[in-house]
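*Asks:*
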Amino acid sequence: MPRVSVRSLLLACLVVLPLVLSAADQRIVVFKGERRLELQQDGKIAKTYRIGLGFAPSGPKTKQGDGRTPEGTYYVCVKNAHSQFTLSLGLSYPGPGDAARGLTAGTITKAQHAAVVAAHKRRTTPPWNTGLGGEIFIHGKGSGSDWTLGCIALDDADIKELFATIATGTVVEIRP
Numbered sequence: 257m258p259r260v261s262v263r264s265l266l267l268a269c270l271v272v273l274p275l276v277l278s279a280a281d282q283r284i285v286v287f288k289g290e291r292r293l294e295l296q297q298d299g300k301i302a303k304t305y306r307i308g309l310g311f312a313p314s315g316p317k318t319k320q321g322d323g324r325t326p327e328g329t330y331y332v333c334v335k336n337a338h339s340q341f342t343l344s345l346g347l348s349y350p351g352p353g354d355a356a357r358g359l360t361a362g363t364i365t366k367a368q369h370a371a372v373v374a375a376h377k378r379r380t381t382p383p384w385n386t387g388l389g390g391e392i393f394i395h396g397k398g399s400g401s402d403w404t405l406g407c408i409a410l411d412d413a414d415i416k417e418l419f420a421t422i423a424t425g426t427v428v429e430i431r432p
């Protein structure tokens, strides 16, 4: 068995522990009206990024194909290092609130509503194939205009930086 010096162990703890702790204290807040994404650390703004949104950015997403970016509180459920949009962070849209509205509007079934709620309780990926739409990502390929189908777009350098920092489970709040 290899010997590990106390110094090496302490150095490893000093490097790794802040990374583990920082992931738990991170949050992403998106301000749609201002086209801004904030990375927050311990409740303070750590970094701000310019964003592009869906091609119909006003209002919350209510159905597949509406071109809107959702509003509400979600979490990162998937990290895709092989995205056609450089890198991407998949969001847990639709959430329970979206599903409740969709059920009331007749956009989704009771079974689909139950599946969304169950996925959120397990902190897994909700169904992305309902009438509410899905596969909402924070990704690269440019923030200069509102061009996505509902995703949040950053410049490539920015998504590379954010992707390296964010863990699955990170809370993402999207405000109007």
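Taking this note's numbering, the leading residue of the sequence shown gets 257, the next gets one more, and so forth.
Built from N, CA and C at the ideal position, the CB exists for glycine as well.
Predicted model, so just to flag it, every value in this text is computed and none were measured.
Tell me the rounded alpha-carbon separation between R378 and G425.
*Replies:* Position 122 of the sequence shown, counted from the start, is the residue given in the question as residue 378. Position 169 of the sequence shown, counted from the start, is the residue given in the question as residue 425. R378 and G425: Cα-Cα distance of roughly 11 Å.
*Asks:* Does the beta-carbon distance from P313 to P350 come in below 8 Å?
*Replies:* The residue you call residue 313 lines up with position 57 of the sequence shown. The residue you call residue 350 lines up with position 94 of the sequence shown. For P313 and P350, no; Cβs fall outside 8 Å.
*Asks:* Is it true that the stretch 327-337 meets the stretch 358-372, where meeting means three or more beta-carbon pairs spaced less than 8 Å apart?
*Replies:* Contact fails: fewer than three Cβ-Cβ distances are below 8 Å.
*Asks:* So the candidates are A370, D414 and W384; which of them puts its Cα closest to the Cα of S348?
*Replies:* Reading the sequence shown from its first residue, position 92 is the one you call residue 348. It is W384 whose Cα lies nearest to the Cα of S348.
*Asks:* Put Q320 into one of helix, strand or coil per three-state DSSP.
*Replies:* Working through the sequence shown from its first residue, we reach residue 320 at position 64. Coil at Q320, not helix or strand.
*Asks:* Among the residues of its own chain, which have a CB less than 7 Å from the CB of P352, if the five just before and after it don't count?
*Replies:* Translated into the one-based positions of the sequence shown, residue 352 becomes position 96. Once the five neighbours on either side are set aside, the close Cβ partners of P352 are V372, V373 and H376.
*Asks:* On the DSSP letters alone, give me the boundaries of the beta strand (DSSP E) that L295 sits inside.
*Replies:* Counting from 1 along the sequence shown, the entry for residue 295 is found at position 39. Looking at the DSSP string, the run of the beta strand (DSSP E) that includes L295 is R292 to Q297.
*Asks:* Which class does G389 belong to by DSSP, given the choice of helix, strand or coil?
*Replies:* If you number the sequence shown from 1, residue 389 lands on position 133. It is coil, neither helix nor strand.
*Asks:* Alpha carbon to alpha carbon, how far is L293 from Q368?
*Replies:* Here residue 293 corresponds to residue number 37 of the sequence shown, with the count starting at 1. Here residue 368 corresponds to residue number 112 of the sequence shown, with the count starting at 1. Rounded to whole angstroms, L293 to Q368 spans 30 Å at the Cα level.
*Asks:* Under DSSP, the alpha helix (DSSP H) around R378 begins and ends at which residues?
*Replies:* Position 122 of the sequence shown, counted from the first residue, corresponds to residue 378. Taken as a continuous stretch (DSSP letters only), the alpha helix (DSSP H) holding R378 covers K366 to R378.
*Asks:* By a C-beta neighbour count over all protein chains shown, 10 Å radius and 16 as the cutoff for buried, is R291 buried or exposed?
*Replies:* Against the sequence shown, residue 291 aligns to sequence position 35. Answer is buried; the Cβ neighbour count reaches 16.
*Asks:* I believe L345 touches F419 by the beta-carbon criterion, under 8 Å. Please report the beta-carbon distance rounded to the nearest angstrom.
*Replies:* Translated into positions along the sequence shown, residue 345 becomes position 89. Translated into positions along the sequence shown, residue 419 becomes position 163. The Cβ separation is near 7 Å, so the contact holds.
*Asks:* Spatial neighbours of Q320 within its chain, please: CB distance less than 7 Å, with the 5 preceding and 5 following residues excluded, ordered by chain position.
*Replies:* Taking the sequence shown and counting its residues from 1, one reaches residue 320 at position 64. So the qualifying residues of the chain are G387, L388 and G389.
*Asks:* Do you know offhand how far L410's Cα is from A302's?
*Replies:* Your numbering for residue 410 matches position 154 in the sequence shown. Your numbering for residue 302 matches position 46 in the sequence shown. Cα to Cα, the separation comes out at about 16 Å.
*Asks:* By Cβ distance below 7 Å, which residues in the same chain neighbour I408 in space, the five residues on each side in sequence not counted?
*Replies:* Residue numbering aside, residue 408 sits at position 152 when the sequence shown is read from its first letter. So the list reads V286, L293, I307, L309, T325 and I394, once near-sequence residues are dropped.
*Asks:* Identify whether I408 lies in helix, strand or coil by the three-state DSSP scheme.
*Replies:* What you label residue 408 is simply residue 152 of the sequence shown in a count that begins at 1. Of the three classes helix, strand and coil, the one that applies to I408 here is strand, per DSSP.
*Asks:* Verify whether the separation of the beta carbon atoms of G400 and I415 is less than 8 Å.
*Replies:* Here residue 400 corresponds to residue number 144 of the sequence shown, with the count starting at 1. Here residue 415 corresponds to residue number 159 of the sequence shown, with the count starting at 1. It is not a contact, given that the beta carbons lie outside the stated cut-off.
*Asks:* In its own chain, which residues sit with a C-beta less than 6 Å from the C-beta of F341, not counting the 5 before and 5 after it?
*Replies:* Locating residue 341 in the sequence shown gives position 85, counting from the first residue. Here the set comprises H395, G396 and K397.
*Asks:* In angstroms, rounded to a whole number, what distance separates the CA positions of L277 and T421?
*Replies:* To locate residue 277, count along the sequence shown from 1; it is residue 21. To locate residue 421, count along the sequence shown from 1; it is residue 165. In this predicted model, L277 has a pLDDT of only 43, less than 50, meaning its place in the structure is not dependable enough to derive any value.
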